[in-house]
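Structure, as structure tokens:
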Amino acid sequence: MAYYQRELAPDIPPLSARRPLINEYFLSAYTMSIYTGCELGCPYCDSWVFNERPLNETIVIPVDLPQRLDNVLPTIDRGDLIAISALSDPYQPAEQEYRITRQVLQVLADHRQPCLIMTKSPLVLEDRSLLQRMNEHSLAIVVTTLLTLDQHLATRLEGRSPSPQLRLEMIAELKRSGVPVGVALVPIIPYVNDTNLNLRRVLHACAEVGVDFVIWDYLHIPNERHRHRISVLLSQLGSYPPRYYRDVYRDQATVNLIYRQERDRELLQRCDELGLAPRAPHRLFAGKLSPRNEVALLLRHAAFRDRVQGREHLATLHRELADAVFRGRFKASDLRQSPLYPTIGPLLGLSAVT
Ligand code: SF4
Numbered sequence: 014m015a016y017y018q019r020e021l022a023p024d025i026p027p028l029s030a031r032r033p034l035i036n037e038y039f040l041s042a043y044t045m046s047i048y049t050g051c052e053l054g055c056p057y058c059d060s061w062v063f064n065e066r067p068l069n070e071t072i073v074i075p076v077d078l079p080q081r082l083d084n085v086l087p088t089i090d091r092g093d094l095i096a097i098s099a100l101s102d103p104y105q106p107a108e109q110e111y112r113i114t115r116q117v118l119q120v121l122a123d124h125r126q127p128c129l130i131m132t133k134s135p136l137v138l139e140d141r142s143l144l145q146r147m148n149e150h151s152l153a154i155v156v157t158t159l160l161t162l163d164q165h166l167a168t169r170l171e172g173r174s175p176s177p178q179l180r181l182e183m184i185a186e187l188k189r190s191g192v193p194v195g196v197a198l199v200p201i202i203p204y205v206n207d208t209n210l211n212l213r214r215v216l217h218a219c220a221e222v223g224v225d226f227v228i229w230d231y232l233h234i235p236n237e238r239h240r241h242r243i244s245v246l247l248s249q250l251g252s253y254p255p256r257y258y259r260d261v262y263r264d265q266a267t268v269n270l271i272y273r274q275e276r277d278r279e280l281l282q283r284c285d286e287l288g289l290a291p292r293a294p295h296r297l298f299a300g301k302l303s304p305r306n307e308v309a310l311l312l313r314h315a316a317f318r319d320r321v322q323g324r325e326h327l328a329t330l331h332r333e334l335a336d337a338v339f340r341g342r343f344k345a346s347d348l349r350q351s352p353l354y355p356t357i358g359p360l361l362g363l364s365a366v367t
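Following my numbering, the numbering of the sequence shown begins with 14 at its first residue and continues without gaps.
This is how it looks when you write it as structure tokens:
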């Protein structure tokens with residue numbers, strides 16, 4: 014068991030700075046984390062890189078975080094979503110005892126601030142009524158990670174986390190309670206959980222349980238320390254090609270472009286066949302975020318599909334427009350270049366006519 018250290022941090026801002034670009038995965042303008050450290054300690058987690066001490070040994074309990082958040086929320090836009098998605102699981106074992114996440118959600122609910130919360134733990138079900146009420150008044154989405162349905166592989170990749178089966182049951186329960194749920198196939202680890210069979214099985218399970226959307230991204234290897242951690246993980250999993258890093262990572266932090274494009278294409282096609290949204294669908298956030306955020310997300314999500322399906326010019330246009338709209342520095346004439354204009358123009362108070 015980890016060591017729990019209660020801490021007051023009156024001078025630490027509870028939220029990140031407002032993001033320069035909207036986060037298209039989590040719909041967020043701000044990020045926050047609840048606990049520092051994560052007892053689940055998944056070996057692939059890049060939070061290991063940001064902690065001085067081993068990620069899963071000391072968990073800092075921010076007892077004054079709800080109060081700090083309450084102080085700061087009046088200063089931010091009600092149409093900006095806060096993602097509780099950074100660096101630690103908000104429903105890790107410490108939550109059972111300290112309930113900081115529940116208090117934070119209550120503060121967000123009191124201010125009607127939209128939020129998205131990312132967790133692997135069914136402990137979130139104990140807050141489902143609160144989340145359901147939050148979603149009625151503003152927006153509250155739960156995202157859970159699902160890397161594989163293979164219990165043997167899951168145990169080796171994230172043995173301290175709830176099993177894939179428990180997470181699927183958690184999704185079904187949240188859906189029955191009226192809480193929107195997304196699944197993050199993150200990270201896709203080359204040679205480990207990137208086989209067609211594994212990806213197909215995960216997406217199929219997502220469709221069966223009725224998730225609202227899926228997102229995916231690839232293993233990130235930000236530095237040598239993490240590279241070493243991943244090498245150890247791979248050696249424990251089996252025998253992997255010695256050219257692993259050179260082939261797929263080419264000594265960079267992320268997978269190479271060809272690998273990404275091939276997997277993105279396969280995953281998008283599979284999602285379309287299963288009727289799964291590959292990003293949060295508009296119906297979840299329509300009218301619940303500021304119009305600028307709503308439009309920026311529609312454009313970013315369109316840019317993703319454009320890129321994967323090879324419409325490079327449109328992808329660039331949509332990305333640039335999304336970023337300009339999010340920052341509030343856009344021209345109506347530029348927006349009219351997009352085929353989405355009849356939808357996004359009126360959202361920004363412009364005429365629907367191009
Ligand atoms: S649960 Fe999430 S934050 Fe915690 S170690 Fe695993 S991947 Fe990292």
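Glycine residues also receive a C-beta, built at the ideal position from the N, C-alpha and C atoms.
Everything numeric in this text was worked out from a predicted model, so none of it was measured.
What I want to know is whether the C-beta of residue 57 ends up closer than 8 Å to one or more non-hydrogen atoms of the ligand SF4.
As a working mapping, residue 57 is identified with position 44 in the sequence shown. Indeed, a heavy atom of the ligand SF4 lies less than 8 Å from the Cβ.
Quick one: does the C-beta of residue 51 sit closer than 8 Å to a heavy atom of the ligand SF4?
Within the sequence shown, residue 51 is the residue found at index 38, counting from 1. Yes, since a heavy atom of the ligand SF4 falls inside the 8 Å radius drawn around the Cβ of residue 51.
Look up residue 177 in the DSSP assignment and say whether it is helix, strand or coil.
By one-based count along the sequence shown, residue 177 stands at place 164. If DSSP states are grouped into helix, strand and coil, residue 177 belongs with the helices.
Comparing C-alpha positions only, which one of 110, 116, 15 and 143 sits nearest to residue 66?
Residue numbering aside, residue 66 sits at position 53 when the sequence shown is read from its first letter. With distances taken between Cα atoms, residue 66 lies closest to 15.
Got a sec, what are the start and stop residues for the beta strand (DSSP E) residue 45 sits in?
Residue numbering aside, residue 45 sits at position 32 when the sequence shown is read from its first letter. Note, residue 45: beta strand (DSSP E), 43 to 45.
In this structure, does DSSP put residue 75 in helix, strand or coil?
In the sequence shown, the residue the question calls residue 75 occupies position 62. The answer is strand: DSSP assigns residue 75 an E or B state.
Quick check: the stretch 79 to 89 against the stretch 129 to 137, are there 3 or more CB pairs under 8 Å?
no
Can you list, in chain order, the stretches of the beta strand (DSSP E) that have 3 or more residues and sit fully within the stretch 304 to 331?
Here no run is fully enclosed.
Determine which residues share a DSSP beta bridge with residue 231 and list them.
On the sequence shown, residue 231 is found 218 positions in, with the first residue counted as 1. For residue 231, the pairing in a beta bridge is given by DSSP as 201.
Are the CB atoms of residue 122 and residue 44 nearer to each other than 9 Å?
In the sequence shown, counting from the first residue as 1, residue 122 sits at position 109. In the sequence shown, counting from the first residue as 1, residue 44 sits at position 31. Cβ distance not < 9 Å, so residue 122 and residue 44 don't count as in contact.
For residue 74 and residue 112, what's the separation of their Cα atoms in angstroms?
Residue numbering aside, residue 74 sits at position 61 when the sequence shown is read from its first letter. Residue numbering aside, residue 112 sits at position 99 when the sequence shown is read from its first letter. Between residue 74 and residue 112, the alpha-carbon positions lie close to 10 Å from each other.
Quick one: residues in its chain with C-beta nearer than 6 Å to the C-beta of residue 272, no 5 flanking neighbours on either side, listed in chain order?
In the sequence shown, residue 272 corresponds to position 259, counting from 1. Closer than 6 Å at Cβ, skipping near neighbours: 261.
Using CA atoms only, rank isn't needed, just tell me which of 337, 324 and 182 is closest to residue 352.
Taking the first residue of the sequence shown as 1, we reach residue 352 at position 339. Answer by Cα proximity: 324.
Is DSSP giving residue 381 helix, strand or coil here?
Any property of residue 381 remains undetermined from this structure, which presents the chain solely from 14 to 367.
So residue 96 is in the beta strand (DSSP E); what residue range does that whole segment cover?
For this step, residue 96 is matched to residue 83 along the sequence shown. Run containing residue 96: 95 to 97, per the beta strand (DSSP E) assignment.
Would you tell me roughly how many angstroms separate the C-alpha atoms of residue 40 and residue 46, rounded to the nearest one?
Within the sequence shown, numbered from 1, the residue matching residue 40 stands at position 27. Within the sequence shown, numbered from 1, the residue matching residue 46 stands at position 33. Going by the C-alpha atoms only, they are around 16 Å apart.
Counting C-beta neighbours from all protein chains within 10 Å, is the total for residue 108 16 or more, i.e. buried, or is it exposed?
Indexing the sequence shown from 1 puts residue 108 at position 95. Buried, since its Cβ has 16 or more Cβ neighbours within 10 Å.
Any chance the stretch 290 to 297 sits against the stretch 342 to 349, with 3 or more Cβ pairs inside 8 Å?
no
Using the Cα positions of residue 215 and residue 178, report the straight-line distance between them to the nearest angstrom.
Numbered from 1 along the sequence shown, position 202 holds the residue referred to as residue 215. Numbered from 1 along the sequence shown, position 165 holds the residue referred to as residue 178. Roughly 11 Å between the two C-alpha positions.
My parser needs the alpha helix (DSSP H) runs of 4 or more residues fully inside the stretch 207 to 266; what are they?
Counting only runs of 4 or more, we get 209 to 222 and 237 to 250.
Looking only at DSSP bridge pairs, what is residue 356 linked to?
Within the sequence shown, the letter at position 343 stands for residue 356. None, per the DSSP bridge assignment.
Report the three-state DSSP secondary structure of residue 70 (helix, strand or coil).
Stepping through the sequence shown from its first residue, residue 70 is reached at position 57. Coil.
Opposite residue 36 in the DSSP bridges: which residues?
Within the sequence shown, the letter at position 23 stands for residue 36. For residue 36, which the question treats as bridged, DSSP gives the partners 41.
Using 8 Å as the Cβ pair cut-off and three pairs as the minimum, do the stretch 189 to 201 and the stretch 229 to 242 touch?
yes
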